[in-house]
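Numbering (this note's numbering), first residue to last: 178 to 274.
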């Protein structure tokens, strides 16, 4: 469960906004919120088959793919994001493969 803009309670534990909470597999979820509306995402499915690596906007099971994606982004080889007019450069701190 990932809350976008406000905290929620997941099975009695508070989950702050912008935090991904992981529940026990196979157990029911009980979500409660305060008085105002909350935007959140519930993601489910089988466990991933291998660890994932994440850097900036890139996620992969292979570190070399993240390095390649960063190179492609820097070369502006990925195309433009629909609706965006500004290109955002990579962070100065680079991913270490």
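Beta carbons: idealized from backbone N, C-alpha and C, even for Gly.
These numbers come from a predicted model, not from an experiment.
- Bounds of the beta strand (DSSP E) holding residue 236 are 235-237.
- Per DSSP, the unbroken beta strand (DSSP E) holding residue 191 starts and ends at 190-192.
- Linking residue 207 to residue 226 through their CA atoms gives a straight-line distance of about 27 Å.
- DSSP places residue 248 in the uninterrupted alpha helix (DSSP H) bounded by 240-251.
- In the structure shown, residue 213 falls within a coil segment according to DSSP collapsed to helix, strand and coil.
- Pairing residue 236 with residue 272 gives a Cβ-Cβ distance that is not under 8 Å.
- When only Cα atoms are considered, residue 264 and residue 257 end up about 8 Å apart.
- A straight line joining the alpha-carbon of residue 178 with that of residue 189 spans about 13 Å.
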